[in-house]
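Engineer: Counting in UniProt numbering, the sequence shown runs from 1 upward without gaps.
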Amino acid sequence: MGFIDVLRSSLNKRPAKLIASPKRASVAAIFRHSPLDPRDKVQLLYIRRKVNPRDTWSGHMAFPGGRTNEGEADLAAAIRETHEEIGLHLNETHVVGRLNDRPVYYGRTVAAPFVFLLGRDDAAFEPVLQAKEVSDVLWVDLDFLVTAPIQTLQIPTKYILPNVDDIPATVDEVRTVSIFVPSGRHCRPNETR
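#1: Tell me, which residues are paired with I47 by DSSP?
#2: Let me check understanding here. Comparing Cα to Cα, which of F31, V6 and K17 lies closest to R120?
#3: What do you reckon, are the CB atoms on L118 and H94 nearer than 8 Å?
#4: With 16 as the cutoff for other CB atoms within 10 Å, does E85 come out buried or exposed?
#5: Note down the Cα distance separating S135 from V96, rounded to an integer number of angstroms.
#6: Is A29 closer than 8 Å to F63 when the C-beta atoms are compared?
#7: Out of A148, L44, V140 and E133, point me to the one whose CA is closest to K50's CA.
#8: Given a cut-off of 8 Å, decide if V104 and I19 are closer than it, judged by their beta-carbon atoms.
#9: Looking at A76: is its Cβ nearer than 8 Å to the Cβ of V27?
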């Protein structure tokens, strides 16, 4: 049984835990079988958000997604936002399952994550980026994510809370775990191309 079969089975064993909230967002975790690798590697799609000082998610690596419109179903929002941000046409046949809703801690928004699998015909799509929000699309081998060394990322709090003038020294910096994802277009700060 391959990874996608195990994932589908796991997601279908129990319903996702939903959190009621009038403010919602939906995201799409999109898998594919690599079209270039004869060993049938599974890859996961990430987008790099455009750097924008007014955007909470500025420059972040993320899954495609965004706000759910009033009266819109969470799944429909994930599909719509993916198409708007990267030009990928998803539909219900691509759905593997739904993960538990996640509260976004700085507000009352709840994120609804959905898992998708592209078919062989869709796997080599050419992204059409929404220039105001997305700067890049990357496919990352699942094998790499599972074996990549975990690093600590230190972020000065002033970049997370730019509108707060008096930040106590005890919370001057936030530390979080991260994984460096190399690609042909990006290097670590201390590396050259």
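By construction, the Cβ of each residue, glycine as well, lies at the ideal position given by its N, Cα and C atoms.
Please read these numbers as outputs of a predicted model, since none were measured by experiment.
Structural biologist: Walking through what the data contain:
#1: A62 and V137
#2: F31
#3: yes
#4: buried
#5: 27 Å
#6: yes
#7: E133
#8: no
#9: no
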